[in-house]
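All the letters of the sequence shown, read from the start, carry residue numbers 413 to 869 under the numbering used here. Where is the CB? At the ideal position from N, CA and C, for every residue including glycine. Predicted model, so just to flag it, every value in this text is computed and none were measured.
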Amino acid sequence: MEPFLINEKDNVCVDLQTGHKIALCDISQGADIIKYGYPIGIATEDIAKGDKVHSHNMKTKLGDILTYEYNPDFEFLTPKEPFTIRAFVRKNGDIGIRNDVFIVPTVGCVNSVAKILSEKTGAICFSHPYGCSQLGDDMKITQLILRGLINHPNAGGVLVLGLGCENNNISEMQKILGTWDVQRVKFLSAQDCEDEIAEGIKLIEELKKSAAEDKRQEVPVSKLKIGLKCGGSDGFSGITANAIVGKVTDELCAMGASAVLTEVPEMFGAETVLFRRCINEDVFNRSVALINNFKQYFKDHNQPVSENPSPGNKDGGITTLEEKSLGCIQKGGTAPVTDVLDYGDTIKTAGLNLLNGPGNDIVSVTNLAAVGCHLVLFTTGRGTPLGGAVPTIKIASNDHIATKKKHWIDYSAFGFEKDEKAEELLALIRRVADGEKTKNELYGNREIAIFKDGVTL
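Now the structure itself:
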């Protein structure tokens with residue numbers, strides 16, 4: 413089978429059978445190896461035209477914390493005709509594309525109670541091991557992420573379930589929430605009642621009854637907020653799935669919608685591409701801090717900033733973090749970067765936002781939900797059943813995994829007609845926003861995980 417040429421200016425191509433790189437020309441030892449139009453590493457030995465290019469003959473160029481200058485180079489795209497979606501309009505003006513009832517534990521000690529309540533009522537519980545024995549920023553991040561889930565507009569009702577003696581008890585969680593809709597959010601402390609199961613069922617049934625009164629309405633697509641994530645990537649991810657998602661991101665942002673790109677370590681080596689698209693110097697400075705602070709986090713733990721890609725990524729043809737990062741950021745298309753978000757923030761600015769957080773799949777998807785994304789576009793080359801608190805559209809980079817794992821994958825982006833593929837994906841997004849269930853929803857794959865970096869008592 414003939415290898416798949418990435419583009420004419422690159423000096424590597426990808427074998428359709430393996431996803432691995434092949435040199436299009438002779439490459440001298442020490443020379444840059446180019447993919448996506450940028451260096452993805454250097455040759456560690458002379459490489460002949462037609463040779464495989466991988467870990468045995470190339471290495472990363474990534475270095476330490478860097479300084480950057482603001483050299484903007486972006487343009488706002490002309491939108492196509494905007495469309496509407498059918499969503500639930502909340503009292504504060506937010507919209508939700510689902511009307512689920514959530515159970516959000518304040519502490520891991522009540523996970524078993526939450527699971528029983530979920531099984532008996534159909535409410536969706538989000539178990540986690542935190543909320544007690546945490547200090548400082550770890551506890552703050554736990555509270556902020558839980559706040560994002562409790563306030564999420566995809567929830568028609570939320571039962572906040574506590575134990576009673578934990579650091580993050582209900583009173584403390586209420587301080588973080590500030591205000592809440594008493595019809596939509598209810599609280600239960602398990603130690604404070606005789607039968608927490610009976611009381612929990614009673615409160616959830618009240619929430620379900622209230623949520624049943626909510627009806628879908630026509631709203632502009634500019635209200636939609638999408639999260640962008642890749643996991644189990646392969647050599648095709650940046651060429652097919654991520655590139656198609658990037659086209660969709662551009663179209664939605666041009667229509668006034670919001671998109672959020674996270675996985676900060678998977679921006680290393682590709683950050684300058686994003687920096688040039690920052691809409692002003694303030695956004696640029698915060699983007700630089702986002703990158704350098706995460707590099708410092710690696711250094712504080714005595715880890716190299718290039719400690720990536722994963723074994724599965726390498727099996728799929730990705731060699732260096734630069735290659736993975738340049739493929740990863742394809743999901744952001746060419747849209748201008750309009751804001752930078754931290755843990756616990758909510759999306760305020762339309763367009764492409766950058767979000768603080770690691771590349772870990774479950775943590776990333778949870779972060780995206782917590783900042784207010786209505787759904788997540790999750791691209792994958794190797795496949796994953798993972799789903800988060802919001803609908804998670806799984807997009808395959810190749811037809812093999814899409815066929816093999818039909819119960820995981822919602823759409824295959826493999827193909828040469830990228831504009832046509834983007835239109836198909838946009839149509840799927842619209843259907844999901846209107847209520848069509850994703851595979852993770854149909855099979856009950858809903859998980860959360862919260863970033864942790866501190867002391868456990």
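Less than 7 Å between C-beta atoms, sequence neighbours within five positions excluded: which residues of the same chain meet that for glutamine 603?
Sequence-distant partners of glutamine 603 (beyond 5 residues in either direction) whose C-beta falls short of 7 Å from its own C-beta, in its chain, are Leu575, Gly576 and Cys577.
Just to confirm, is the Cβ distance from leucine 764 to cysteine 665 under 9 Å?
The beta carbons of leucine 764 and cysteine 665 sit closer together than 9 Å.
By the three-class DSSP mapping on this structure, what secondary structure does serine 634 have?
Of the three classes helix, strand and coil, the one that applies to serine 634 here is helix, per DSSP.
Integer Cβ distance of methionine 470 from glycine 453, believed to fall under 8 Å
Right, the Cβ-Cβ distance comes to about 5 Å (below 8 Å), so this counts as a contact.
Which word fits cysteine 425, buried or exposed, when buried means at least 16 other C-beta atoms lie within 10 angstroms of its C-beta?
Counting of Cβ neighbours within 10 angstroms places cysteine 425 among the buried residues, the total reaching 16 or more.
Those runs of the alpha helix (DSSP H) which lie wholly inside the segment 807 to 854 and span at least 4 residues
Fully enclosed alpha helix (DSSP H) runs of 4 or longer: 811 to 816, 830 to 845 and 851 to 854.
Which residues mark the beginning and the end of the alpha helix (DSSP H) in which threonine 533 is found?
Counting along the chain, the unbroken alpha helix (DSSP H) around threonine 533 starts and ends at 523 to 533.
Are the beta-carbon atoms belonging to asparagine 857 and threonine 791 less than 9 Å from one another?
At a Cβ-Cβ threshold of 9 Å, asparagine 857 and threonine 791 do not count as neighbours.
Buried or exposed for isoleucine 821, going by 16 or more other Cβ atoms inside 10 Å?
Its Cβ being crowded by 16 or more others within 10 Å, isoleucine 821 is buried.
Distance between phenylalanine 826 and glycine 866 (C-alpha atoms, nearest Å)
A straight-line Cα-Cα distance of about 41 Å links glycine 866 and phenylalanine 826.
Proximity winner among Ala861, Val525, Tyr823 and Pro716, relative to alanine 653 (alpha-carbon distances):
Ranking Ala861, Val525, Tyr823 and Pro716 by Cα distance to alanine 653 puts Tyr823 first.
Leaving out five residues before and five after glutamate 420 in sequence, what residues of the same chain have Cβ atoms less than 8 Å from its Cβ?
Per-residue confidence for glutamate 420 stands at a pLDDT of 45, beneath the threshold of 50, marking its modelled position as unreliable; no derived number is given.
Take every Cβ of the segment 621 to 631, pair it with every Cβ of the segment 496 to 503, and state whether three or more of those distances are shorter than 8 Å.
With a cut-off of 8 Å, the segment 496 to 503 and the segment 621 to 631 count as touching, because enough Cβ pairs lie within range.
Please give the ranges of any alpha helix (DSSP H) in the segment 535 to 590, keeping only runs that are unbroken, at least 4 residues long and fully inside the region.
The qualifying runs are 548 to 562 and 582 to 589.
Helix, strand or coil: which one does DSSP assign to alanine 623?
In the displayed model, alanine 623 falls within a helix according to three-state DSSP.
Nearest-angstrom Cβ-Cβ length linking threonine 518 and leucine 573, presumed shorter than 8 Å
Right, their Cβ atoms sit about 7 Å apart.
Contacting residues, own chain, Cβ-Cβ under 6 Å from glutamine 895 (five flanking each side not counted)
Summary: the structure shown does not reach residue 895, with the chain confined to residues 413 through 869, and so no result is reported for it.
Closest by C-alpha distance to tyrosine 873, when choosing among Pro748, Asn768 and Leu686
This structure does not reach residue 873, given that the chain is present from 413 up to 869, and the question cannot be answered.
Got a sec? Which residues, its chain only, sit under 7 Å from leucine 615 by beta carbon, not counting five neighbours each side?
By the criterion of a C-beta distance shorter than 7 Å, leucine 615 is surrounded in its chain by Leu571, Lys598 and Leu600, once the five residues flanking it on both sides are discounted.
Which residues in the same chain have their Cβ closer than 6 Å to the Cβ of glutamate 835, if we skip the five residues on either side of it in sequence?
Result list for glutamate 835: empty, nothing under 6 Å.
Top-ranked residue by Cα proximity to leucine 837, from Lys817, Val788, Val465 and Thr472:
Of the listed residues, the one whose Cα sits closest to leucine 837 is Val788.
Once DSSP output is grouped into helix, strand and coil, what is the label at isoleucine 759?
In the three-state scheme derived from DSSP, where H, G and I count as helix and E and B as strand, isoleucine 759 is classed as coil.
Are glycine 508 and proline 565 touching if we call contact CB-CB under 9 Å?
It is a contact, given that the beta carbons lie within the stated cut-off.
Specify the secondary structure class of arginine 689 as computed by DSSP and reduced to three states.
In the structure shown, arginine 689 sits in coil (DSSP, three-state: anything other than H, G, I, E or B).
What separation, rounded to the nearest whole angstrom, lies between the Cα atoms of isoleucine 609 and glutamate 531?
Per the coordinates, the alpha-carbon of isoleucine 609 lies some 11 Å from the alpha-carbon of glutamate 531.
For lysine 726, which residues of its own chain have a beta-carbon under 8 Å away from its beta-carbon, when the five flanking residues on both sides are left out?
Excluding positions up to five away in sequence, the list reads His466 and Ser467.
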